[in-house]
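From first to last, the protein sequence lines are chains W and E.
Just add 4 to the spot in the first sequence (first one is 1) and you have our numbering.
Just add 3 to the spot in the second sequence (first one is 1) and you have our numbering.
In this text, a Cβ means the ideal position worked out from N, Cα and C, and glycines have one as well.
One structure below.
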Amino acid sequence: MTTLKVTPLNAAHRAMGAKMVDFGGWDMPVNYGSQIDEHHQVRNDVGMFDVCHMRVVDAKGDGVRAFLRYLLANNADKITVPGKALYSAMLRPNGGVIDDLIIYFMTEQWFRIVVNAGTADKDIAWMKEQAAVHAPALIITSRDDLAMVAIQGPNARAKVWEVLPQTKAATENLVNFQAADCGEYFVARTGYTGEDGFEVMLPKENVEAFWYALNKVGVKPIGLGARDTLRLEAGMNLYGQDMDESVGPLESGLAWTVDLKSERDFIGKAALLANPPSSKLVGLVLLDRGVLRGHQKVQTPHGEGEITSGSFSPTLERSIALARVPNGVAIGDTVQVAIRDKLLNASVVKYPFARNGKAVI
Amino acid sequence: MSNPSNLKYTASHEWVKTEADGSITVGITQHAQELLGDMVFVEAPTTGRKLKAGEECAVVESVKAAADVYAPLAGEVLAANADLDGSPENINSDPYGAWIFKMKPDNAADIDALMDAAAYQAAVDSEAH
C-alpha cells in the first residue's frame, strides 16, 4: 500500500468534516458536505481551497527572462510590469504539452513559476535539463517551504484583507493576473474558478493558522469536487484531462497562449508550425437529460470527437463539457454524444460557460 | 443514519422493501449516496422490462460519477419513480424514501437470500478497511 502525501492542512480538513480522497497520490478533500453548495458559495460569496499540493518554483539569476522566452510557448516578454503573471504551456520539442503553468515577473533576476502537483517533478527536471544547456548560471529552486491557499469569489479580496490587513496597501491596486510580494505573504490576483480572488503563498508553518483565521471571518472551505466544476464552467483546462504530452496546445484550446507571431524561437515551435492542428477544443451543452463525462465519444458530420472533461454545471443546471472535435465542427452545431446505449444531443458552444457569478452562454 | 431493519440489502448497495402485495421497492443505501455525493440524474428502467438477478438496470449520476444500480433479484419492472426526474437530490436527503423502481419478483423466496441490516452494515464496515 502506498502512503498518500499530505498537505499541512490535512488535519484541518478532517476537523472540518471533509471527505478525503486519493487525488493523484495526495490525500485531499473532495468536499465538506455538498459540492454543489460549495460551488455556489464561490460563485456568490467566497470560499477557500487548499492548493498546497501545487508547486512553487523560483527561477533566479541573470538571463532568467531570456531562458523562459525559450522554454515556454507563451512569450515571457509580454510581462514587463513587476508582479505581472502570464499563463503558458511548456512543450516538448514535438509540441506535446508537458504542463500548463503560471509565471510571475518579479525582477529581471527573479521569476516565480507555479506548476501542477502531478507534474511538478518532471517539470522541474525538464527546466533544469534545459537550463543546464541554455542558462547554466540560473538557479531553479523548488519552494517546498511554501504553502498555497486560493481564496475565490466576489468577496474574496475583502476577506483576505480582513485577515492580512498588512497586505492591503500592496495588493488593493493589483490588476487581474498580477501579484505582490508582501514579505512572508506572496499575494496573487489569480485563480482557477472564473471568479475574482487571490492565491496566497506563505510559509508552510503559518498556513494552518491562516486557514482557520479565514474560516473565522466566514470563508468556507471548498473541496476539489467544486474546484473541478468551477474551472470547467470557467472554461479552464485541466492538465491530464484536456491536454497532456500526447497532444499539442493548438488542439487543446490554448492557441491564445501560444505566441507564434514573434521571431522568437521556443521549444516546440518548429513542431507546431510543421503540424497544423486537425482538431480543436469546443464547449458542449447537453440538450437531452444525462451527464457528459470524460472519454465519451462525440459523433459529428466531420468525424468522431471525444469529451475531455464533462460534468454537471451547477450554474447552468445542466451538463456541460469540453470536447476535442474535428476542425469542421462549428459553434451552434448539434452533435451526438454516446452515453451508454444512447446517443444524446449536445449543442456546440464557445466556452467559458460561466464567469463572475453568471452564466455567459 | 442507520439502515432500517425492515429492509433487505445487497452487496452492491441497493435496499429492498417487500410490499404487502408481494412486490418489491428498490433504492440505494445511505452509504451509497454518501459515496456518490450530490445526485443530479437518475435513469430508471422502463416498466415491463424483465430483469435477471444482478443485471444492471438503472444508473444514478452524481456531479462526481455515474454508478450502476443492479436488480436485487429476478423479476419484472412495475414502475419507476418519476419524482426523481426533477429532484434526483431526494436520494441524498432521503435515501430510504426516494425509491428508484418497483419490481414483481419471479420467486418471492429470493428475497430471503438478501442481507439483513446487520449483515449489510458489516459488509460496509469491512469495505472501509
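Closer than 9 Å to chain E by CB, residue i
{"i": "E120 (chain W)", "result": "Looking at the sequence itself, residue 120 (chain W) is Asn, so the reference to Glu does not match. For N120 (chain W), the answer is no, since every Cβ of chain E falls outside 9 Å of its Cβ."}
{"i": "W225 (chain W)", "result": "Residue 225 (chain W) is actually Pro in this sequence, not Trp. Cβ-Cβ to chain E under 9 Å: no for P225 (chain W)."}
{"i": "T338 (chain W)", "result": "no"}
{"i": "R344 (chain W)", "result": "yes"}
{"i": "S282 (chain W)", "result": "no"}
{"i": "S38 (chain W)", "result": "yes"}
{"i": "S323 (chain W)", "result": "yes"}
Inter-residue spacing [alpha-carbon to alpha-carbon] between residue i and residue j
{"i": "P330 (chain W)", "j": "A192 (chain W)", "result": "37 Å"}
{"i": "G30 (chain E)", "j": "K67 (chain E)", "result": "19 Å"}
{"i": "P281 (chain W)", "j": "E255 (chain W)", "result": "6 Å"}
{"i": "T145 (chain W)", "j": "D62 (chain W)", "result": "5 Å"}
{"i": "L288 (chain W)", "j": "N98 (chain W)", "result": "29 Å"}
{"i": "A82 (chain E)", "j": "Q303 (chain W)", "result": "33 Å"}
{"i": "F109 (chain W)", "j": "T84 (chain W)", "result": "7 Å"}
{"i": "F214 (chain W)", "j": "W260 (chain W)", "result": "35 Å"}
{"i": "T6 (chain W)", "j": "M32 (chain W)", "result": "15 Å"}
{"i": "N35 (chain W)", "j": "K284 (chain W)", "result": "32 Å"}
{"i": "Q33 (chain E)", "j": "E237 (chain W)", "result": "30 Å"}
{"i": "E37 (chain E)", "j": "L95 (chain W)", "result": "40 Å"}
{"i": "G195 (chain W)", "j": "I155 (chain W)", "result": "8 Å"}
{"i": "R344 (chain W)", "j": "L39 (chain E)", "result": "19 Å"}
{"i": "L75 (chain W)", "j": "A136 (chain W)", "result": "12 Å"}
{"i": "G67 (chain W)", "j": "L228 (chain W)", "result": "37 Å"}
{"i": "K23 (chain W)", "j": "E212 (chain W)", "result": "18 Å"}
{"i": "E308 (chain W)", "j": "L347 (chain W)", "result": "13 Å"}
{"i": "A125 (chain E)", "j": "Y99 (chain E)", "result": "19 Å"}
{"i": "S323 (chain W)", "j": "E133 (chain W)", "result": "42 Å"}
{"i": "R359 (chain W)", "j": "T197 (chain W)", "result": "8 Å"}
{"i": "A74 (chain E)", "j": "R18 (chain W)", "result": "36 Å"}
{"i": "V223 (chain W)", "j": "L258 (chain W)", "result": "32 Å"}
{"i": "D148 (chain W)", "j": "H299 (chain W)", "result": "34 Å"}
{"i": "N241 (chain W)", "j": "E188 (chain W)", "result": "30 Å"}
{"i": "S65 (chain E)", "j": "D41 (chain E)", "result": "5 Å"}
{"i": "I117 (chain W)", "j": "V60 (chain W)", "result": "6 Å"}
{"i": "K58 (chain W)", "j": "V43 (chain E)", "result": "Residue 58 (chain W) is actually Met in this sequence, not Lys. When rounded, the distance between both Cα atoms is 30 Å."}
{"i": "L150 (chain W)", "j": "R328 (chain W)", "result": "36 Å"}
{"i": "A77 (chain W)", "j": "D128 (chain E)", "result": "50 Å"}
Spatially closest choice to residue i from the options, by CA coordinates
{"i": "D81 (chain W)", "options": "W:C56, W:G336, W:T111 and W:T171", "result": "W:T111"}
{"i": "A1 (chain E)", "options": "E:D113, E:D119 and E:A47", "result": "Residue numbering for chain E in the displayed model covers 4 to 132; residue 1 (chain E) lies beyond these limits and cannot be assessed."}
{"i": "P305 (chain W)", "options": "W:A334, W:R161 and W:I226", "result": "W:A334"}
{"i": "Q182 (chain W)", "options": "W:N219, W:N210 and W:G201", "result": "W:G201"}
{"i": "G122 (chain W)", "options": "W:G51, W:D26, W:K346 and W:D49", "result": "W:D26"}
{"i": "V55 (chain W)", "options": "W:A325, W:T11, W:V68 and W:N78", "result": "W:T11"}
{"i": "V295 (chain W)", "options": "W:T197, W:E308, W:E310 and W:F316", "result": "W:F316"}
{"i": "W114 (chain W)", "options": "W:A151, W:D127, W:A89 and W:H17", "result": "W:A89"}
{"i": "A101 (chain E)", "options": "E:K107, E:P108 and E:S90", "result": "E:S90"}
{"i": "N9 (chain E)", "options": "E:V127, E:A120, E:D24 and E:D115", "result": "E:A120"}
{"i": "A56 (chain E)", "options": "E:D97, E:A23, E:M42 and E:E79", "result": "E:E79"}
{"i": "G51 (chain E)", "options": "E:V72, E:A69 and E:A77", "result": "E:A77"}
{"i": "Q310 (chain W)", "options": "W:V286, W:E321 and W:R293", "result": "For the record, residue 310 (chain W) in the displayed sequence is Glu; it is not Gln. Comparing Cα-Cα distances from E310 (chain W) to each of W:V286, W:E321 and W:R293, the minimum goes to W:V286."}
{"i": "A70 (chain E)", "options": "E:K11, E:S15 and E:D128", "result": "E:S15"}
Cutoff 9 Å: residue i Cβ touching any chain W Cβ
{"i": "V66 (chain E)", "result": "yes"}
{"i": "D119 (chain E)", "result": "no"}
{"i": "N84 (chain E)", "result": "no"}
{"i": "D88 (chain E)", "result": "yes"}
{"i": "A131 (chain E)", "result": "no"}
{"i": "A74 (chain E)", "result": "no"}
{"i": "E58 (chain E)", "result": "no"}
{"i": "E17 (chain E)", "result": "no"}
{"i": "V80 (chain E)", "result": "no"}
{"i": "H47 (chain E)", "result": "Here residue 47 (chain E) is Ala; the residue named in the question, His, does not match the sequence. No, its Cβ sits nowhere closer than 9 Å to a Cβ of chain W."}
{"i": "V127 (chain E)", "result": "no"}
{"i": "A69 (chain E)", "result": "yes"}
Cβ neighbour criterion (16 or more within 10 Å) applied to residue i
{"i": "T338 (chain W)", "result": "exposed"}
{"i": "A112 (chain E)", "result": "exposed"}
{"i": "T319 (chain W)", "result": "buried"}
{"i": "M45 (chain W)", "result": "Note that residue 45 (chain W) is Gln in the sequence shown, not Met. Q45 (chain W) should be labelled buried."}
{"i": "N159 (chain W)", "result": "buried"}
{"i": "V179 (chain W)", "result": "exposed"}
{"i": "V221 (chain W)", "result": "exposed"}
{"i": "E209 (chain W)", "result": "exposed"}
{"i": "D103 (chain W)", "result": "buried"}
At a CB distance below 7 Å, what residues from the region 30 to 42 of chain E approach chain W? Give them in sequence order. The residues in question are G40 and D41.
At a CB distance below 9 Å, what residues from the region 291 to 302 of chain W approach chain E? Give them in sequence order. For the region 291 to 302 of chain W, which is checked against every Cβ of chain E, the residues closer than 9 Å are R293, G294, V295 and R297.
Using a Cβ-Cβ cutoff of 9 Å, what residues of the region 13 to 36 of chain W are near chain E? List them in chain order. K23, V34 and N35
Check distances from the C-beta atoms of the region 206 to 240 of chain W to those of chain E and list, in chain order, the residues that come in under 7 Å. G229 and T233
Could you run through the region 92 to 123 of chain E and flag, in chain order, every residue whose CB is less than 7 Å away from some CB of chain W? none
Taking a Cβ distance cut-off of 7 Å, strictly less, list which residues of the region 306 to 321 of chain W are near chain E, in chain order. S315 and F316
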